[in-house]
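Q: One structure is given below, represented as structure tokens, and several questions about it will come after.
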Amino acid sequence: MRARSFCAVLAGVVLAAPALHAQASDALYSRLSALSGWEMRSYDFDSGISTNSTSQWRVPVIAVVPLGRRLSLDLTTNYASSRLETTAGTETLDGFTDTQVRALYTLSRDRFVGSLSLNLPTGQQDLTPGEFQVAGAVGSNYLSFPVTGAGTGFSATGGLAWVRPLGSWNLGLSGSYRYQGAYTPLATDSGGALSYDAGSEYRVRGGLDRLFGQRTRMTVGLTFSTFSTDEFTGSGQLASGRYKPGPRIIGEFVLARAVGRGTLALVAWDLYRTAGDTNNVSDPRTQENVLNAELRWSVPVARRLQIEPLVAYRQYDLKAFTGGRMYSGAVTARFGLSDRMSASVAGRFDSGWVAAEDVGRADLTGLGLTAFVRYTR
Amino acid sequence: MELWSFARRRAGLVVLTAVVAACAGGSPPGEMAPADLATLEAQRAQTPGDPALNLQLARAYYAAGRNADARAALAVVLAAQPANTQADAWLGLTYEGLEQFDSARATYTRVLARQPDDNVARLLRGRLQLLTRKELLAAARQTIARESVLAVTPPEPNTVAVMPFRYTGSDSTLRPLERGLAALVVTDLSKVGQLRLVERDRMQALLDELQLAEGTRVDPATGARSGRLVRAGQVVQGQFQEVPTANFRVDASVVRTTDAQVAATGSDADALRALFDIEKRVVFQLLERMGITLTPAERTAVSERPTQDLQAFLLYSRGLESQDRGDFGAAAVSFQAAAQRDPAFSAAAQEAAASGDAAAAAAAPPSELAAGILGPPPTSVSSTTSLTTAVNSAVPSGTSTIDGVPTTSTIEIAAGGGGGGSGPTIGLPPTNPNPVCEAANCQGPQNVALIGTIIIIVRRP
Chain A
21 MRARSFCAVL
31 AGVVLAAPAL
41 HAQASDALYS
51 RLSALSGWEM
61 RSYDFDSGIS
71 TNSTSQWRVP
81 VIAVVPLGRR
91 LSLDLTTNYA
101 SSRLETTAGT
111 ETLDGFTDTQ
121 VRALYTLSRD
131 RFVGSLSLNL
141 PTGQQDLTPG
151 EFQVAGAVGS
161 NYLSFPVTGA
171 GTGFSATGGL
181 AWVRPLGSWN
191 LGLSGSYRYQ
201 GAYTPLATDS
211 GGALSYDAGS
221 EYRVRGGLDR
231 LFGQRTRMTV
241 GLTFSTFSTD
251 EFTGSGQLAS
261 GRYKPGPRII
271 GEFVLARAVG
281 RGTLALVAWD
291 LYRTAGDTNN
301 VSDPRTQENV
311 LNAELRWSVP
321 VARRLQIEPL
331 VAYRQYDLKA
341 FTGGRMYSGA
351 VTARFGLSDR
361 MSASVAGRFD
371 SGWVAAEDVG
381 RADLTGLGLT
391 AFVRYTR
Chain B
-14 MELWSFARRR
-4 AGLVVLTAVV
6 AACAGGSPPG
16 EMAPADLATL
26 EAQRAQTPGD
36 PALNLQLARA
46 YYAAGRNADA
56 RAALAVVLAA
66 QPANTQADAW
76 LGLTYEGLEQ
86 FDSARATYTR
96 VLARQPDDNV
106 ARLLRGRLQL
116 LTRKELLAAA
126 RQTIARESVL
136 AVTPPEPNTV
146 AVMPFRYTGS
156 DSTLRPLERG
166 LAALVVTDLS
176 KVGQLRLVER
186 DRMQALLDEL
196 QLAEGTRVDP
206 ATGARSGRLV
216 RAGQVVQGQF
226 QEVPTANFRV
236 DASVVRTTDA
246 QVAATGSDAD
256 ALRALFDIEK
266 RVVFQLLERM
276 GITLTPAERT
286 AVSERPTQDL
296 QAFLLYSRGL
306 ESQDRGDFGA
316 AAVSFQAAAQ
326 RDPAFSAAAQ
336 EAAASGDAAA
346 AAAAPPSELA
356 AGILGPPPTS
366 VSSTTSLTTA
376 VNSAVPSGTS
386 TIDGVPTTST
396 IEIAAGGGGG
406 GSGPTIGLPP
416 TNPNPVCEAA
426 NCQGPQNVAL
436 IGTIIIIVRR
446 P
């Protein structure tokens, strides 16, 4: 049923595209684009924690379609397969993810955009305890899995984004409200089920960017999110409770400079989440900070070939203990296949460690492979 | 393990496919095929002011030889992005195609003033060298076309043109001295304040054009006519040869262009190794018989020898010969060899550098110049970019993944330099995480047991 819904949405978008894309457009995304391919991430852990490895591959399907002069529609979904191998056995979670359909409407060209995003529940719900463990494993903010869980029910997000020049700077302000519908993330063999009614999210972001000289660009941004209280209601053997997530703050910084024929960029972000309350009691385990810094060099090596080596560092801290450190290296090749088709192939290696409260510490190695093809018209 | 084996095999295939695809691109590097025009023109009809699209279109027009259209498209680019150096580079090439050499020179000079990297600066200097040759040939063609007018225009009496000397011997290794001796005489006479010299390469271009136009070898009889064409009042002609008694002999004369009469002569003979002494003696004879009295400083200046090394001078002369043929690669080799034999031979070193630049520029396809140019800043601060970031941060979607795979045109623009429009995408943390994990503190695989604990907690009565 969910797969049919997804197919219907996708078909509608694609069929609508040819008739409308050619019109001159003020839309933020004014060209029809589609992307698919294959992406895999895997982390192996040495002894020290109960998990031996976690891996995931996905096939994303993403399309952006301009509709008329001011509107664009984008659609994102994945088929994902996640796997968790622990000392107790192996669990998997396979299937389509939810489908996000987002409409962007240009209220004022290059100045003001309104957005409405719907999360269509095409992803798996009613997970078994084993599948739920897999979904939790790939949901970490420390590791970089492209799909961070299973189906999360229907939600709708409305937002506004506005930008204006401010001297030599560009100032961007945006905000959104997300309504999250209830869904059933977990169901047990014995007939118990957990209904989860996640609270709403309110998000605001401020960003600034500017040029320094002719070759250097700097971007800074700060996003603040706050949440209302989640309610989870159990049936059968599953009990009920409340969770009030702590606010989440994300800072971002980008400094890019043209060096020779390439671009050298320092990209950093920090995600900080304050402690939330479980059943009205503060839960310090939920406070976390993830710092990520990357140095990238994008250099064209041929007319239609661009190479981007990258080194990265990630630091994961929790209130009670140090969560982990990770050092990464990656190379991405981007190339044009034709005037309308481009592709990206990337390989990534991670090395570091992760610690778990009251459990231990384990070294980890990660691998990532990506092959995407993009079509643009 | 099976997953890994599969992944590795798959990755190998993907990489191989990527390499083959990248290497098998149909068009020559950097050239837009004229067949792309229809597509690009259709796209421009939708977004006529798009700088990236107009730049692509300009390249396609240039490849199709539609230089006027290319110039118009580049005007759109430069109106939106005045600092787009890549567009300037294509504009220079387009001006060359339109034979608007002054504009091309001004454009290249403007780009050079922006201090591009060494390789680009070399290509630009080379293009300026090539441009000089094109300008000289074009000027020569115009001069010949206006010969009927120039024939009745009085020449400038103190302007002197020097014809290549004529070698009448049989030793082909000495033939390059035809240019070398002419260059020496030009250098010497230019140190005389009363005289104004026509540049050797300008005269050579004219002679080359006359030869092309008439299919006949240039001989001394054409001197007066050639001199009139460059409005010189006097023309120096000469010849040299080996002779049995003294080894080497040089004869020269000064011909008035108004009546083709000989105004002065000079000659000398000596061993070949005394070539520079012979040349100086001939020059002094000519000056004396032209009635010119040199100041002591002028005499000293004329007496200076650019080199004492005959072999170095022969190599230099061979370089001039190659240069006149338009073979800058061979010219650079000869000049470099001359400069290596005699490091004090500054003219050889200068010509080696200039010819080397010209050879590099001549060998490089036009797109290489544009590709080497530092383009616009990494990503210009356009309000669209800022707005896109603001929108995607507030209401995330998969478009950030799409943005991470730039379009072919964006990659090509990046290949044009400076990272262009496909700078690094910002890999921000997941801002749309699993809400259960937000609530239950999944914390990833290290705390799988903790998730189990939460389930147990949920099961509590």
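So the protein lines, in turn, are chains A and B. Per the working numbering, residue 21 is the first one in the first sequence, and the count goes up by one each step. Per the working numbering, residue -14 is the first one in the second sequence, and the count goes up by one each step. Every residue, glycine too, gets a C-beta built ideally from N, C-alpha and C.
From what residue to what residue does the alpha helix (DSSP H) around Arg342 (chain B) run?
A: Indexing the second sequence from 1 puts residue 342 (chain B) at position 357. According to the sequence as given, residue 342 (chain B) is Asp; it is not Arg. Where Asp342 (chain B) is concerned, the enclosing alpha helix (DSSP H) stretches over 331 to 348.
Q: By the 10 Å Cβ neighbour count, where 16 or more other Cβ atoms means buried, how is Ser358 (chain A) classified, buried or exposed?
A: Position 338 of the first sequence, counted from the start, is the residue given in the question as residue 358 (chain A). Counting Cβ neighbours within 10 Å, Ser358 (chain A) comes out exposed, since fewer than 16 surround it.
Q: By the criterion of Cβ-Cβ separation under 7 Å, what are the contact partners of Gly280 (chain A) in chain B?
A: Numbered from its first residue, the first sequence carries residue 280 (chain A) at position 260. Those are Asp102, listed as they occur along chain B.
Q: Under the three-state reduction of DSSP, which class applies to Phe86 (chain B): helix, strand or coil?
A: Taking the second sequence and counting its residues from 1, one reaches residue 86 (chain B) at position 101. In this structure, Phe86 (chain B) counts as helix in the three-state DSSP scheme.
Q: Alpha carbon to alpha carbon, how far is Phe247 (chain A) from Gln144 (chain A)? Give it in angstroms, no decimals.
A: For the purposes of this step, residue 144 (chain A) is taken as the residue at position 124 of the first sequence. For the purposes of this step, residue 247 (chain A) is taken as the residue at position 227 of the first sequence. One C-alpha to the other measures close to 24 Å.
Q: Quick one: using the 10 Å Cβ neighbour count with 16 as the cut-off for buried, is Phe232 (chain A) buried or exposed?
A: Here the question's residue 232 (chain A) lines up with position 212 in the first sequence. Under this definition Phe232 (chain A) is an exposed residue.
Q: State yes or no: is the beta carbon of Tyr49 (chain A) nearer than 8 Å to at least one beta carbon in chain B?
A: Numbered from 1 along the first sequence, position 29 holds the residue referred to as residue 49 (chain A). Yes, its Cβ sits closer than 8 Å to a Cβ of chain B.
Q: Counting only the same chain and skipping the five closest in sequence on each side, list residues whose C-beta sits under 7 Å from that of Ala209 (chain B).
A: Here residue 209 (chain B) refers to the residue found at position 224 of the second sequence. Same-chain partners within the cutoff: Val220, Val240, Thr242, Ala245.
Q: Can a CB atom of chain B be found closer than 8 Å to the CB of Val84 (chain A)?
A: Locating residue 84 (chain A) in the first sequence gives position 64, where the first residue counts as 1. With 8 Å as the cut-off, Val84 (chain A) counts as an interface residue toward chain B.
Q: Report the neighbours of Asp297 (chain A) on chain B: residues whose CB is nearer than 9 Å to its CB, in chain order.
A: For the purposes of this step, residue 297 (chain A) is taken as the residue at position 277 of the first sequence. Going along chain B, no residue has its Cβ under 9 Å from Asp297 (chain A), so there is no contact; the nearest lies around 11 Å.
Q: Taking only the alpha-carbon atoms, compute the straight-line gap between Asp253 (chain B) and Asp236 (chain B) and give it to the nearest angstrom.
A: Start at 1 with the first residue of the second sequence, and residue 253 (chain B) comes out as number 268. Start at 1 with the first residue of the second sequence, and residue 236 (chain B) comes out as number 251. In a straight line, the C-alpha of Asp253 (chain B) is about 7 Å away from that of Asp236 (chain B).
Q: My output table needs one value for Ala245 (chain B): the three-state DSSP class, helix, strand or coil.
A: For the purposes of this step, residue 245 (chain B) is identified with residue 260 of the second sequence, where counting begins at 1. Of the three classes helix, strand and coil, the one that applies to Ala245 (chain B) here is coil, per DSSP.
Q: What residues from the segment 71 to 102 of chain A come within 7 Å of chain B, judged by C-beta to C-beta, listed N to C?
A: Against chain B - using a Cβ distance shorter than 7 Å - the residues of the segment 71 to 102 of chain A are Thr71, Thr74, Ser75, Pro80, Ile82, Val84, Asp94, Thr96.
Q: Which chain C residues sit within Cβ distance under 7 Å of Val133 (chain A)?
A: Of the chains in the structure shown, none is chain C; the protein chains are A and B.
Q: Counting only C-beta atoms, is Val380 (chain B) closer than 8 Å to chain A at any point?
A: The residue given as residue 380 (chain B) occupies position 395 in the second sequence. Judged by the 8 Å Cβ criterion, Val380 (chain B) is in contact with chain A.
Q: Along the beta strand (DSSP E) that carries Arg323 (chain A), what are the first and last residues, could you check?
A: Here residue 323 (chain A) corresponds to residue number 303 of the first sequence, with the count starting at 1. Arg323 (chain A) -> no beta strand (DSSP E), and no H or E assigned at all.
Q: Give me, in chain order, the residues of the same chain whose beta-carbon lies closer than 6 Å to that of Gly82 (chain B); leave out the 5 immediate sequence neighbours on both sides.
A: Residue 82 (chain B) sits at position 97 when you count from the first residue of the second sequence. Excluding sequence neighbours, Gly82 (chain B) sits near Asn52.
Q: For Glu26 (chain B), which three-state DSSP category applies?
A: Within the second sequence, the letter at position 41 stands for residue 26 (chain B). Here Glu26 (chain B) sits in helix by DSSP.
Q: Please classify Phe252 (chain A): is it buried, with 16 or more other beta-carbons within 10 angstroms of its beta-carbon, or exposed?
A: Position 232 of the first sequence, counted from the first residue, corresponds to residue 252 (chain A). Its Cβ being crowded by 16 or more others within 10 Å, Phe252 (chain A) is buried.
Q: Rounding to the nearest angstrom, what Cα-Cα distance links Gly367 (chain A) and Trp317 (chain A) in this structure?
A: Counting from one through the first sequence, the residue named residue 367 (chain A) turns up at place 347. Counting from one through the first sequence, the residue named residue 317 (chain A) turns up at place 297. Rounded to whole angstroms, Gly367 (chain A) to Trp317 (chain A) spans 15 Å at the Cα level.
Q: Taking 8 Å as the CB-CB limit, is Pro140 (chain B) close to chain A?
A: Working through the second sequence from its first residue, we reach residue 140 (chain B) at position 155. No, no contact with chain A.
Q: Whole angstroms is fine: what's the gap from Ala256 (chain B)'s alpha carbon to Arg303 (chain B)'s?
A: Counting from one through the second sequence, the residue named residue 256 (chain B) turns up at place 271. Counting from one through the second sequence, the residue named residue 303 (chain B) turns up at place 318. One C-alpha to the other measures close to 21 Å.
Q: Is there a Cβ of chain A sitting closer than 8 Å to that of Gly383 (chain B), yes or no?
A: For the purposes of this step, residue 383 (chain B) is identified with residue 398 of the second sequence, where counting begins at 1. It does: the Cβ of Gly383 (chain B) has a partner Cβ on chain A nearer than 8 Å.
Q: Thinking C-alpha only, which one of B:Pro391, B:Thr392, B:Thr386, B:Thr393 is nearest Val167 (chain A)?
A: In the first sequence, residue 167 (chain A) corresponds to position 147, counting from 1. When each option's Cα is compared against that of Val167 (chain A), the closest is B:Thr386.
Q: Grab me the residues of Glu111 (chain A)'s own chain with a C-beta within less than 6 Å of its C-beta, minus the 5 sequence neighbours each way, in chain order.
A: Working through the first sequence from its first residue, we reach residue 111 (chain A) at position 91. Here the set comprises Leu104, Gly150, Gln153, Val154.
Q: In terms of alpha-carbon separation, which member of A:Leu275, A:Ile270, A:Ser220, A:Ser194 lies closest to Asp229 (chain A)?
A: Taking the first sequence and counting its residues from 1, the one referred to as residue 229 (chain A) is at position 209. Of A:Leu275, A:Ile270, A:Ser220, A:Ser194, the residue nearest in Cα terms is A:Leu275.
Q: Taking Phe244 (chain A) as the reference, which of A:Leu193, A:Asn139, A:Arg89, A:Phe355 has the closest Cα?
A: On the first sequence, residue 244 (chain A) is found 224 positions in, with the first residue counted as 1. Among A:Leu193, A:Asn139, A:Arg89, A:Phe355, the Cα nearest to that of Phe244 (chain A) is on A:Leu193.
Q: Among B:Ala315, B:Gln196, B:Leu174, whose alpha-carbon lies nearest the alpha-carbon of Glu265 (chain B)?
A: Working through the second sequence from its first residue, we reach residue 265 (chain B) at position 280. At residue 265 (chain B) the sequence reads Lys, which differs from the Glu that was named. The option with the nearest alpha carbon to Lys265 (chain B) is B:Leu174.
Q: Taking its Cβ as the centre, do 16 or more other Cβ atoms sit within 10 Å of Val247 (chain B), making it buried, or is it exposed?
A: Residue mapping note: residue 247 (chain B) aligns to position 262 of the second sequence, counting from 1. Counting Cβ neighbours within 10 Å, Val247 (chain B) comes out exposed, since fewer than 16 surround it.
Q: By DSSP's criteria, Val221 (chain B) is part of a beta bridge. Which residues make up the other side?
A: For the purposes of this step, residue 221 (chain B) is taken as the residue at position 236 of the second sequence. Answer is B:Val147, B:Val239, bridged to Val221 (chain B).
Q: Let me know the beta strand (DSSP E) ranges lying completely inside the segment 160 to 239 of chain A, each 3 residues or longer, listed in chain order.
A: List check, beta strand (DSSP E) in window: 175 to 186, 189 to 200, 203 to 207, 213 to 217, 221 to 232.
Q: Please confirm if Gly402 (chain B) has its CB atom under 8 Å from at least one CB of chain A.
A: In the second sequence, counting from the first residue as 1, residue 402 (chain B) sits at position 417. Reliability fails at Gly402 (chain B), whose pLDDT of 45 lies under 50, so the model's placement of it is uncertain and the value that follows must be treated cautiously. Output row for Gly402 (chain B): interface = yes.
Q: Would the segment 253 to 261 of chain A count as touching the segment 208 to 223 of chain A if we require 3 or more Cβ pairs under 8 Å?
A: Yes: the two stretches touch, three or more of their Cβ pairs being nearer than 8 Å.
Q: Alpha carbon to alpha carbon, what distance is there between Arg99 (chain B) and Asp294 (chain B)?
A: The sequence position of residue 294 (chain B) within the second sequence is 309, counting from 1. The sequence position of residue 99 (chain B) within the second sequence is 114, counting from 1. Whole-angstrom Cα-Cα distance: 40 Å.
Q: Based on the DSSP secondary-structure assignment, which residues constitute the bridge partners of Met361 (chain A)?
A: To locate residue 361 (chain A), count along the first sequence from 1; it is residue 341. A:Tyr395.
Q: Please determine, among B:Ala324, B:Ser319, B:Arg274, the residue with the shortest C-alpha to C-alpha distance to Pro291 (chain B).
A: For the purposes of this step, residue 291 (chain B) is taken as residue 306 along the second sequence, with counting starting at 1. When only C-alpha atoms are compared, the closest one is B:Ala324.
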